[in-house]
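Peer 1: Can you read through this structure? Questions will come right after.
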Amino acid sequence: MKLYFFSIILTAFAVFNSCEQSQEQVIEAINYEASSRGFYMNITLTGDRIMVGNRMGSEESTIPEGDSQLAFIRSEIAKIDLKSIPDFKAPSHESYRDAAASAYFSVKTKENTYESESFDHGNPPIEIAPIIEALLKLAKVE
């Protein structure tokens with residue numbers, strides 16, 4: 388009887404814990420921002436809407452259902468432990484001497500926003516490079 392009661396409590400704890408973790412991973416927005424003197428770009432992906440901003444303003448559009456880049460971004464984000472995003476290391480630091488624009492990547496969930504350290508636009512940390520490349524293609528920014 389004690390073993391039965393213990394297993395019910397253990398199962399309830401496991402279910403509660405997994406529900407809490409899955410809610411944490413519900414992504415509300417993905418953001419990529421790059422800037423330097425005279426250059427600014429901001430790409431925000433929210434569901435099936437993308438907003439692309441620059442120094443002149445911003446433009447919002449809806450992504451067609453079944454878009455391969457959007458599906459790719461979602462599958463790649465699912466592979467990442469969001470809590471590790473701040474720990475990703477930049478492969479270069481050219482923006483420190485104004486040789487490249489400084490860029491940031493962030494993922495917003497219901498509970499938290501996970502933001503990367505700054506890195507050079509065009510040379511992101513390897514863990515998020517495919518996602519950023521797909522975001523740029525989706526935003527039609529090369």
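Heads up, the final residue of the sequence shown is numbered 529 in the numbering used here, and it's a clean run with no missing numbers.
In this text, a Cβ means the ideal position worked out from N, Cα and C, and glycines have one as well.
Predicted model, so just to flag it, every value in this text is computed and none were measured.
Which term fits Q410, buried or exposed, when burial requires 16 or more other beta carbons within 10 angstroms of its beta carbon?
Peer 2: Reading the sequence shown from its first residue, position 23 is the one you call residue 410. Residue placement at Q410 is poorly supported in this model, since its pLDDT is 41, which falls under 50; the coordinates are not used for a value here.
Peer 1: Is any beta-carbon of chain B found at less than 7 Å from that of I450?
Peer 2: In the displayed structure, chain B is absent; only one protein chain is listed.
Peer 1: Taking contact to mean at least 3 C-beta pairs separated by less than 8 Å, is the region 448 to 458 in contact with the region 471 to 488?
Peer 2: no
Peer 1: Pick helix, strand or coil for F426, following the three-state DSSP scheme.
Peer 2: The sequence position of residue 426 within the sequence shown is 39, counting from 1. It is a strand residue.
Peer 1: From what residue to what residue does the alpha helix (DSSP H) around A465 run?
Peer 2: The count along the sequence shown starts at 1 and reaches residue 465 at position 78. Residues S455 to K466.
Peer 1: Using alpha carbons as the reference points, say which of M443, D474 and E502 lies closest to I417.
Peer 2: The residue you call residue 417 lines up with position 30 of the sequence shown. Looking from the CA of I417, the closest CA among M443, D474 and E502 belongs to E502.
Peer 1: Just to confirm, is the Cβ distance from V494 to I430 under 7 Å?
Peer 2: Taking the first residue of the sequence shown as 1, we reach residue 494 at position 107. Taking the first residue of the sequence shown as 1, we reach residue 430 at position 43. Going by C-beta atoms, V494 is not nearer than 7 Å to I430.
Peer 1: Assuming E420 contacts R436 (C-beta within less than 8 Å), just tell me the rounded distance between them.
Peer 2: By 1-based counting over the sequence shown, the position of residue 420 is 33. By 1-based counting over the sequence shown, the position of residue 436 is 49. Contact flag wrong, Cβ pair sits at about 17 Å.
Peer 1: Would you mind sorting I472 into buried or exposed? The rule is 16 or more other CB atoms within 10 Å of its CB.
Peer 2: If you number the sequence shown from 1, residue 472 lands on position 85. I472 comes out buried.
Peer 1: DSSP three-state call for R384: helix, strand or coil?
Peer 2: Only positions 388 to 529 of the chain appear in this structure, which leaves residue 384 out of reach.
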